[in-house]
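One structure below.
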Amino acid sequence: MSSETKSKPKKTKTGTPPSETRSFQAEVKQLLNLMIHSLYSNKEIFLRELISNASDACDKLRFASLTDNSLLEDDEALSIWISIDSEKRAIIVRDNGIGMDYDEVVRDIGTIARSGTRAFIEKMETENSSGDADFIGQFGVGFYSCFLVGKQVTLLTRKAGTPPKSGIMWSSDGTGEYTISPIDRPSRGTEIIINLKEEDFEYAEEYRIRNIIEKYSDHVSIPILMPKEPDPATEQAEEEKPEPKQDKGKEWETVNKGSALWTRPKSEISEEEYNSFYSSLTYDSAPPALTIHNRVEGKTDYISLFFVPSNAPFDLWDREQRHGIKLYVRRIFISDDAKTLMPNYLRFVRGLVDCADLPLNVSREFLQQNRDIGKIRQASVKRVLGELKKLSESDQESYNKFWKEFGKSLKEGVVEDHENRQSIAELARFATTKSEGESQAVSLDQYVDRMPMSQKHIYYLTAESLSAASSSPHLEIFEKNGIEVLLLSEPIDEWFVSHVTEFRDKALKSIARGDLDLEDLKKKEDGKKTEKEQTAEDAVVQKIREALDDNVKDVRLSNRLVDSPSCLIADDMDMGGNMERLLKAMGQNAPTAKPILEINPDHALVKRIDPESKDFEDWARLLFDQALLAEGGTLDHPGDFVKRVNRLLAS
Ligand code: ADP
275 MSSETKSKPK KTKTGTPPSE TRSFQAEVKQ LLNLMIHSLY SNKEIFLREL ISNASDACDK
335 LRFASLTDNS LLEDDEALSI WISIDSEKRA IIVRDNGIGM DYDEVVRDIG TIARSGTRAF
395 IEKMETENSS GDADFIGQFG VGFYSCFLVG KQVTLLTRKA GTPPKSGIMW SSDGTGEYTI
455 SPIDRPSRGT EIIINLKEED FEYAEEYRIR NIIEKYSDHV SIPILMPKEP DPATEQAEEE
515 KPEPKQDKGK EWETVNKGSA LWTRPKSEIS EEEYNSFYSS LTYDSAPPAL TIHNRVEGKT
575 DYISLFFVPS NAPFDLWDRE QRHGIKLYVR RIFISDDAKT LMPNYLRFVR GLVDCADLPL
635 NVSREFLQQN RDIGKIRQAS VKRVLGELKK LSESDQESYN KFWKEFGKSL KEGVVEDHEN
695 RQSIAELARF ATTKSEGESQ AVSLDQYVDR MPMSQKHIYY LTAESLSAAS SSPHLEIFEK
755 NGIEVLLLSE PIDEWFVSHV TEFRDKALKS IARGDLDLED LKKKEDGKKT EKEQTAEDAV
815 VQKIREALDD NVKDVRLSNR LVDSPSCLIA DDMDMGGNME RLLKAMGQNA PTAKPILEIN
875 PDHALVKRID PESKDFEDWA RLLFDQALLA EGGTLDHPGD FVKRVNRLLA S
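This note's numbering puts the first residue of the sequence shown at 275, with every later residue one more than the last.
Listed below in structure tokens is the structure:
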């Protein structure tokens, strides 16, 4: 609910709701405050928001009228009219779209239940961001942005298909209360009148409004009309007329191009035009990283225009985010349901598909089951992946930037999209023991190309962070042998390696799991041990096994450690510590498998351990706890650990 009622809304005897004053919900006030402070340098976006609402309202009506033609009430040319009352310093935005009834006005006008607005509030509160206008511009802040420039805002509306007496007037000065009352309203749709604040009188100029429309809303497909600019000759003639010009008699002209850009041939569209279309679609002022425009002729004819943004939007990880690919049928907007045309892992792709052969009155269920739509989706995914592949080959720097922004999301594809798993694996980039710093820039192809002849597997290590991975004891033998290891530190990587189990006939193999097949590594040059030494080592292992019986599946001598005394290994069929911790953090019930403790018999610490000494158990536990900490695990009893270390240090 967007408001609290001061007096309970009772219907009157005639069934019309009463006039009443209501107060805003606390969050609305908070939103208004934040908006006024953070958007003061970018106030003009209020017009973009109103035009976008008006255009949505027209789309909704057009769609509804496909099944109920009477809704159009002989007023079929859906449009948006914008005019200025220069005497009252007011801007008037009117549409003949679907309109709203009483309950919808109360419920929808300025609700802050939408994810974009919530994200806006959170962002503003955490960052105290005052001026990054481009960034803020990405949030659709909605109807309430009128109060950036308006001292009083009045909304008049009537829902399509309802009688004239069911019009509604809503009015507020944006400080805490609004009034709502029934009115007679012959024309369908919504009209918003903004009385400007004195400091914002500049918006009462036609040229200013025309500029803003051109900047933000040129591509809106509904015609935006403004009063025709008077021709100087007729103006002079009119000045001689005694009576003032009447609004009704105004001549209107369309001020937006509104052309369906995508229907024009590629060769005739300039990069600027594509970029400005992209920006009007997404409110993103940075040009897209990729523009993919195709006309497909065949069994189903359609046009697709997709963009891959340069930067990840703020809501990439918001599950409720709702930007889907827009679906048009012969230039009529049908739906932008998020999952119809792109799978979730490609949710960052923006754009549209315009299809020639679908019926116009399609339902959501129809779209989900329709075979043609399925085929378009399949081809679109392939096209986007193909273009990304081309980019990765032609411009590595841009590709690496893309990967940094969207790699995590794309990697989800190996789980979600079985059919394209191979192409997605080819697109993936990783940090490795041979790459620089944090960057993920090594492809599996590159890795395989530079494997020594004798190496059979693609080795990887998963850990909670890159620094935990790169300092892991598991790497020691690989570093000694100069063998590259993929360092995987994002949660999705665990899923990636469980779905991409081989690449170019080489199995992906965790270096923290199972036995190391060291055929492809030079065995550790540990020299020949005497039988006596061997027996002593075996005895230590056996005693540690007994001491740690509750915590480990097994204890064994390691052939992978060089500088560290111990490490933990997952058994071949077990899940591994990192995956287990991830699942637990996600609140899932992960089966707890005991790890295997490997110890390095050549390490000074291990050599010093005397199986007969009284603090043997402390030593054994220390080897285990150290190994757990080194792989990013947490101790069940940290206090005991500290006491144990202190005891050992003191002795
Ligand atoms: P958003 O448009 O992002 O949902 P707004 O605050 O701008 O958020 O608008 C809230 C809701 O009010 C809209 O979703 C729509 O249902 C309704 N609304 C706003 N403007 C209009 C309009 N011109 N015609 C019909 N409904 C509208």
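Each residue gets a CB set at the ideal place from its N, CA and C atoms; glycine is no exception.
In the same chain as residue 870, and ignoring 5 residues on each side of it, the C-beta atoms closer than 8 Å to its own belong to 826, 827, 828, 829, 830, 842, 843, 844 and 845, in chain order. The alpha-carbon of residue 308 is positioned some 30 Å away from that of residue 498. Residue 458 is a Cβ neighbour of residue 441, given a cutoff of 7 Å. Here residue 665 has 563, 564, 672, 673 and 676 as same chain residues with Cβ atoms under 8 Å from its own Cβ, once five neighbours each way along the sequence are excluded. Shown here, residue 443 sits in a strand according to DSSP, grouped into three states. Listed in chain order, the beta strand (DSSP E) runs fully inside the segment 783-860 are 828-831 and 840-843, counting runs of at least 3 residues. In the three-state reduction of the DSSP assignment, residue 299 falls in the coil class. Remark: the shortest separation between the CB of residue 598 and any heavy atom of the ligand ADP does not fall under 6 Å. Judged by beta-carbon spacing, residue 835 lies within the 7 Å limit of residue 750, meaning their Cβ atoms are closer than that value. As DSSP reads the structure, residue 643 sits in no beta bridge. Between residue 708 and the set 744, 727 and 693, the nearest pair of CA atoms involves 744. Distance check between residue 824 and each of 805, 345, 343 and 898 places 898 closest, using alpha-carbon atoms only.
Inclusion of residue 464 in the 6 Å shell around the ligand ADP follows from its C-beta lying nearer than that to a non-hydrogen atom of the ligand. In the structure shown, residue 708 falls within a coil segment according to DSSP collapsed to helix, strand and coil.
Put simply, of 679, 713, 721 and 711 the residue whose alpha carbon is nearest the alpha carbon of residue 699 is 721. Of the candidates 728, 643, 582 and 452, 582 places its Cα closest to the Cα of residue 660. Proximity of the segment 914-922 to the segment 856-866 falls short of the contact definition, fewer than three beta-carbon pairs being nearer than 8 Å.
Between residue 298 and residue 450, the C-beta gap is smaller than 7 Å, which places the two residues in contact.
Taken through DSSP and simplified to helix, strand or coil, residue 369 comes out as strand. By the criterion of at least three beta-carbon pairs nearer than 8 Å, the segment 651-658 is in contact with the segment 604-619.
Counting the other CB atoms within 10 Å of its CB gives residue 591 a total below 16, which places it among the exposed residues.
At a Cβ-Cβ threshold of 7 Å, residue 766 and residue 735 do not count as neighbours.
In this structure, residue 860 has its CB at a distance of at least 6 Å from all heavy atoms of the ligand ADP.
In this structure, residue 365 and residue 329 do not form a Cβ contact; the two beta carbons are roughly 17 Å apart against a cut-off of 8 Å. In its chain, beyond the 5 residues on either side, 551 and 554 have a beta carbon closer than 6 Å to the beta carbon of residue 493. Look at residue 382: its beta carbon is less than 6 Å from one of the heavy atoms in the ligand ADP.
Under DSSP, residue 625 shares a beta bridge with 580. Look at residue 443: its beta carbon is at least 6 Å from all of the heavy atoms in the ligand ADP. Judged by beta-carbon spacing, residue 714 lies within the 7 Å limit of residue 705, meaning their Cβ atoms are closer than that value.
Residue range 354-359 is occupied by the beta strand (DSSP E) that includes residue 359. At a Cβ-Cβ threshold of 7 Å, residue 489 and residue 422 do not count as neighbours. Taking non-hydrogen atoms of the ligand ADP into account, the C-beta of residue 417 is found less than 6 Å away from one of them.
If you draw a 10 Å sphere on the C-beta of residue 909, you find fewer than 16 other C-beta atoms in it, and that means exposed. Take the alpha-carbon of residue 589 and the one of residue 382: they are about 22 Å apart. Taking the CA atoms as reference points, residue 418 sits about 10 Å from residue 424. Proximity to residue 626 across 787, 812, 537 and 849 peaks at 537, based on C-alpha coordinates.
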